[in-house]
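**Student:** Under numbering that gives the first Met the number 0, the first residue of the sequence shown is numbered 0, with each subsequent residue one higher.
Cβ atoms here follow ideal geometry from the backbone N, Cα and C, with glycine treated the same way.
This structure is a prediction, so every number in the text was calculated from the model and none was measured.
This is the structure I want to talk about, given as structure tokens.
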Amino acid sequence: MLLKSSFTPIFLVQTPKSKAQKLHHAFTKTFFTNSTPPVRHNASLNVATPPPASSAYIHLPFCRKRCHYCDFPIVALGSASTQTHHDPRVSNYIDWLCREITATKVDQPASTTPLQTVYFGGGTPSLVPPAMVSSVLESLRVKFGLCKDAEISMEMDPGTFGAEKMRKMIALGVNRVSLGVQAFQEELLRACGRAHGVQEVHEAISVVKSCGVENWSIDLIASLPHQSCEMWEESLRLTIESQPSHVSVYDLQIEQGTKFGRFYFLLHCRQQGFKLQLQLPLCNDLLYCEKLRTDTLYKLPFLTVSRIAMKLSLQFETLISDLAEYSPGEFPMPSETQSAEFYKMASRMLTDANYNHYEISSYCKSGYECKHNFIYWKNEPFYAFGLGSASFVGGLRYSRPRKVNDYINFVQNLENGLVDSSGDGNINAKDMAMDVVMLSLRTAQGLDLKSFQESFGSSVVLSLLEAYKPYVESGLVVCMDEHRRTIMDDLNYSFLYKTNTEKRVAYIRLSDPEGFLLSNELIALAFGVIDSWKACPQYQEAKAT
Numbered sequence: 000m001l002l003k004s005s006f007t008p009i010f011l012v013q014t015p016k017s018k019a020q021k022l023h024h025a026f027t028k029t030f031f032t033n034s035t036p037p038v039r040h041n042a043s044l045n046v047a048t049p050p051p052a053s054s055a056y057i058h059l060p061f062c063r064k065r066c067h068y069c070d071f072p073i074v075a076l077g078s079a080s081t082q083t084h085h086d087p088r089v090s091n092y093i094d095w096l097c098r099e100i101t102a103t104k105v106d107q108p109a110s111t112t113p114l115q116t117v118y119f120g121g122g123t124p125s126l127v128p129p130a131m132v133s134s135v136l137e138s139l140r141v142k143f144g145l146c147k148d149a150e151i152s153m154e155m156d157p158g159t160f161g162a163e164k165m166r167k168m169i170a171l172g173v174n175r176v177s178l179g180v181q182a183f184q185e186e187l188l189r190a191c192g193r194a195h196g197v198q199e200v201h202e203a204i205s206v207v208k209s210c211g212v213e214n215w216s217i218d219l220i221a222s223l224p225h226q227s228c229e230m231w232e233e234s235l236r237l238t239i240e241s242q243p244s245h246v247s248v249y250d251l252q253i254e255q256g257t258k259f260g261r262f263y264f265l266l267h268c269r270q271q272g273f274k275l276q277l278q279l280p281l282c283n284d285l286l287y288c289e290k291l292r293t294d295t296l297y298k299l300p301f302l303t304v305s306r307i308a309m310k311l312s313l314q315f316e317t318l319i320s321d322l323a324e325y326s327p328g329e330f331p332m333p334s335e336t337q338s339a340e341f342y343k344m345a346s347r348m349l350t351d352a353n354y355n356h357y358e359i360s361s362y363c364k365s366g367y368e369c370k371h372n373f374i375y376w377k378n379e380p381f382y383a384f385g386l387g388s389a390s391f392v393g394g395l396r397y398s399r400p401r402k403v404n405d406y407i408n409f410v411q412n413l414e415n416g417l418v419d420s421s422g423d424g425n426i427n428a429k430d431m432a433m434d435v436v437m438l439s440l441r442t443a444q445g446l447d448l449k450s451f452q453e454s455f456g457s458s459v460v461l462s463l464l465e466a467y468k469p470y471v472e473s474g475l476v477v478c479m480d481e482h483r484r485t486i487m488d489d490l491n492y493s494f495l496y497k498t499n500t501e502k503r504v505a506y507i508r509l510s511d512p513e514g515f516l517l518s519n520e521l522i523a524l525a526f527g528v529i530d531s532w533k534a535c536p537q538y539q540e541a542k543a544t
């Protein structure tokens with residue numbers, strides 16, 4: 000799913016983002032992000048020895064069509080494709096996927112660290128026949144081992160499975176379902192290019208419940224084009240009435256190269272007062288102009304669509320088709336203020352319905368937290384396999400190619416010993432500290448200052464507390480004691496006498512919902528503190544190695 004990353008969405012399937020771009024979360028729009036190279040060193044909170052990986056993400060890239068917001072590596076099979084048993088695109092990919100699993104280097108025997116979680120993401124994994132899913136699970140079991148009570152999650156889209164397929168998936172060990180509903184309004188599903196309708200949503204919910212799946216989630220997207228508060232409230236209400244054990248709420252992310260990305264760019268130009276001329280010279284050779292520099296682009300009082308087409312490396316016909324869907328001057332995306340209201344409404348309604356808001360985008364009934372996602376938020380190692388997936392093993396984040404042919408070449412090189420997707424444990428302490436802060440502050444548990452101090456020293460902890468002092472006073476950052484009880488009294492004295500602060504404050508977290516809404520700014524503040532940090536012995540040692 001595209002929006003699982005929103006911080007995601009960094010480990011599931013996308014190439015890792017740069018530090019600044021990792022900050023975007025489930026409620027903040029990001030416009031035209033860029034990818035970093037496929038390898039980056041850092042590690043989990045244990046500086047000395049990263050623990051062995053015990054989780055695996057599996058990317059199954061097949062979809063019926065590409066949604067307007069999706070920039071994930073997918074293979075579109077066609078809108079009518081729900082039976083994929085004999086599709087060579089699917090069977091060939093599964094073969095290469097199993098070969099990658101088999102060829103992956105493992106430091107520990109399978110019986111020593113069996114997998115505790117497996118997550119099938121996509122794409123639309125529920126399009127893959129159960130027999131092929133079985134092949135993948137068997138490859139994992141042979142290579143790594145698989146705990147008897149492992150959490151095995153699968154993303155499933157309405158309209159891609161029925162009761163028979165659901166029962167077969169359960170028989171294979173799938174025990175957690177993430178249902179990609181996104182909205183309960185027909186017009187919104189059409190607006191974002193989803194392949195299913197509202198009737199299929201209700202049918203899918205009925206199938207999941209009738210098959211006895213207890214651990215299941217509904218995914219919703221806020222801030223869709225033309226989405227109103229009334230629509231969002233209805234989607235939340237119908238979700239609550241469906242009684243899933245888990246709900247994920249994501250804000251629409253605008254990504255370069257997607258249909259929404261093109262909409263957003265054109266409408267941004269309109270907001271800036273640019274006139275878009277829809278007439279083109281008859282000469283086709285005038286369609287593409289000499290490339291404009293970005294600084295020049297925003298100084299021009301007049302832009303032709305042909306130049307915008309050139310700027311986005313798109314064909315003119317595609318832009319005209321996109322632009323025709325909206326009237327001149329219309330800006331269908333909700334404002335940031337509206338997006339904030341959507342987020343607050345979700346927090347209020349789901350909390351009132353006894354869902355725990357345990358992570359920025361995630362709510363659950365007691366005991367139904369997603370174990371696999373907690374691996375990411377704890378910054379612990381995990382394997383990843385398949386097109387575009389990013390693993391984190393031995394302190395190394397490694398992203399696989401996003402195109403099928405490149406991925407096949409990667410697997411061949413892996414089999415020939417020319418690629419090593421696991422690291423040697425060498426780490427960069429600054430990167431590590433930033434990752435720990437960013438991922439911890441996504442959660443209601445917050446940042447464990449004692450563990451953080453053991454890894455990085457007391458000076459950086461005290462600097463963080465000093466930097467967050469105004470936000471503690473304003474209620475955006477919450478300080479907690481060792482029992483995770485909120486420290487309510489005046490902290491001015493403690494901040495002035497730093498040793499008292501260090502002893503009293505055991506955890507810090509962002510408040511819900513106001514602090515979560517400003518997580519970009521608050522995490523960026525922590526990044527600034529860490530980036531200027533020089534005195535930590537662990538940092539100096541890691542830098543020297």
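In whole angstroms, what separates the C-alpha of Leu96 from that of Lys167?
**Tutor:** Approximately 21 Å, taken between the alpha carbons.
**Student:** Going by other Cβ atoms of all chains shown within 10 Å of its Cβ, with 16 needed for buried, is Ile529 buried or exposed?
**Tutor:** Taking all protein chains in view, the Cβ of Ile529 is crowded by 16 or more other Cβ atoms within 10 Å, so the residue is classified as buried.
**Student:** DSSP has Met155 in a bridge; who is on the other side?
**Tutor:** Leu178
**Student:** Leaving aside the five residues before and after Cys62 along the sequence, list all residues of the same chain whose C-beta is less than 6 Å from its C-beta, in chain order.
**Tutor:** Ile73, Ala75, Gly122, Thr123
**Student:** Can you check DSSP and say which residues form a bridge with Ser216?
**Tutor:** Ser177, His245
**Student:** Sorted by chain position, which residues of the same chain lie with C-beta nearer than 6 Å to Ser133's C-beta, five sequence neighbours on each side aside?
**Tutor:** Excluding five sequence positions before and after Ser133, the CB atoms of its chain that fall closer than 6 Å to its own CB belong to Leu171, given in chain order.
**Student:** For Ala505, I'd like the list of residues in its chain whose CB is within less than 7 Å of its CB, leaving aside the five on either flank, ordered along the chain.
**Tutor:** Leu448, Lys449, Met479, Asp480, Glu481
**Student:** Along the alpha helix (DSSP H) that carries Gln115, what are the first and last residues, could you check?
**Tutor:** Segment 114-121 is the beta strand (DSSP E) holding Gln115; no alpha helix (DSSP H) there.
**Student:** Taking the Cβ atom as the reference point for each residue, do Tyr342 and Leu516 lie within a distance shorter than 7 Å?
**Tutor:** yes
**Student:** Taking C-alpha atoms, which residue in Tyr92, Gly161, Lys208 lies nearest to Arg175?
**Tutor:** Lys208
**Student:** Does the contact criterion of 3 or more C-beta pairs under 8 Å hold for the stretch 48-59 versus the stretch 382-397?
**Tutor:** Contact between the stretch 48-59 and the stretch 382-397 is present, because at least three Cβ pairs lie under 8 Å.
**Student:** Would you report the Cα separation of Met344 and Ala523, rounded to the nearest angstrom?
**Tutor:** Using only the alpha carbons, I get a separation of about 25 Å.
**Student:** Tell whether a beta-carbon distance below 7 Å holds between Ile220 and Tyr263.
**Tutor:** no
**Student:** So which of Glu163, Val173, Glu186, Asn404 has the shortest CA-CA distance to Asp148?
**Tutor:** Closest by alpha carbon: Val173.
**Student:** Thinking C-beta only, is Met433 closer than 7 Å to Phe526?
**Tutor:** yes
**Student:** Taking contact to mean at least 3 C-beta pairs separated by less than 8 Å, is the stretch 176-194 in contact with the stretch 234-243?
**Tutor:** yes
**Student:** Nearest-angstrom Cα distance between Arg98 and Gly120?
**Tutor:** 18 Å
**Student:** Leaving out five residues before and five after Asp70 in sequence, what residues of the same chain have Cβ atoms less than 6 Å from its Cβ?
**Tutor:** Scanning its chain for C-beta atoms nearer than 6 Å, with the 5 sequence neighbours on each side dropped, one finds around Asp70 the residues Glu254, Gly256, Thr257, in chain order.
**Student:** Identify whether Ile253 lies in helix, strand or coil by the three-state DSSP scheme.
**Tutor:** coil
**Student:** To the nearest angstrom, how far is the alpha carbon of Pro243 from that of Gly161?
**Tutor:** 18 Å
**Student:** In chain order, what residues of the same chain have a beta carbon less than 7 Å from the beta carbon of Leu463, not counting five sequence neighbours either side?
**Tutor:** Ala525, Val528
**Student:** Taking DSSP as the reference, what is the three-state secondary structure of Asn45?
**Tutor:** Only weak support exists for where Asn45 lies, its pLDDT of 44 falling under 50; the value from the coordinates is given anyway. DSSP places Asn45 in coil when its eight states are reduced to three.
**Student:** Pick from Ser227, Val105, Glu340, Arg65: whose alpha carbon is nearest that of Asp156?
**Tutor:** Arg65
**Student:** In three-state terms, what does DSSP make of Asn353?
**Tutor:** The DSSP-derived three-state label of Asn353 is coil.
**Student:** Evaluate Glu154 with the Cβ neighbour count: other Cβ atoms within 10 Å of its Cβ, from every protein chain shown; 16 or more gives buried, anything less gives exposed.
**Tutor:** It counts as buried.
**Student:** Taking just the CA atoms, how far does Val206 sit from Ser138?
**Tutor:** Cα-Cα distance, rounded: 28 Å.
**Student:** Below 8 Å on the Cβ atoms is my contact criterion, and I expect Trp532 with Val435 to pass it. Report the Cβ-Cβ distance as a whole number of Å.
**Tutor:** That belief does not hold up - the Cβ atoms of Trp532 and Val435 are roughly 13 Å apart, past 8 Å.
**Student:** For Leu386 versus His67, is the C-beta distance shorter than 7 Å?
**Tutor:** Their beta carbons are not under 7 Å apart, which means Leu386 does not touch His67 by this criterion.
**Student:** Determine the extent of the alpha helix (DSSP H) in which Tyr506 is found, giving its start and end residues.
**Tutor:** Per DSSP, Tyr506 belongs to no alpha helix (DSSP H); it is in the beta strand (DSSP E), 506-509.
**Student:** Need the endpoints of the beta strand (DSSP E) that Ala162 sits in, please.
**Tutor:** No beta strand (DSSP E) holds Ala162; the alpha helix (DSSP H) holding it covers 162-171.
**Student:** Mark Pro333 as exposed unless 16 or more other C-beta atoms lie within 10 angstroms of its C-beta, in which case mark it buried.
**Tutor:** buried
**Student:** Given this structure, state the Cα-to-Cα distance separating Val471 from Leu187, to the nearest angstrom.
**Tutor:** 39 Å
**Student:** Who are the Cβ neighbours of Lys429 in its own chain at under 8 Å, not counting the five residues just before and after it?
**Tutor:** Ile529, Asp530, Trp532, Tyr538
**Student:** Ordered along the chain, which non-local residues of its own chain (more than five positions away) have a Cβ less than 8 Å from that of Glu513?
**Tutor:** Gly474, Leu475
**Student:** What does DSSP give as the partner residues of Thr485 in its beta bridges?
**Tutor:** Answer by DSSP bridge pairing, in chain order: Met479.
**Student:** Output the distance between the C-alpha atoms of Asn415 and Ile93, rounded to the nearest integer angstrom.
**Tutor:** 19 Å
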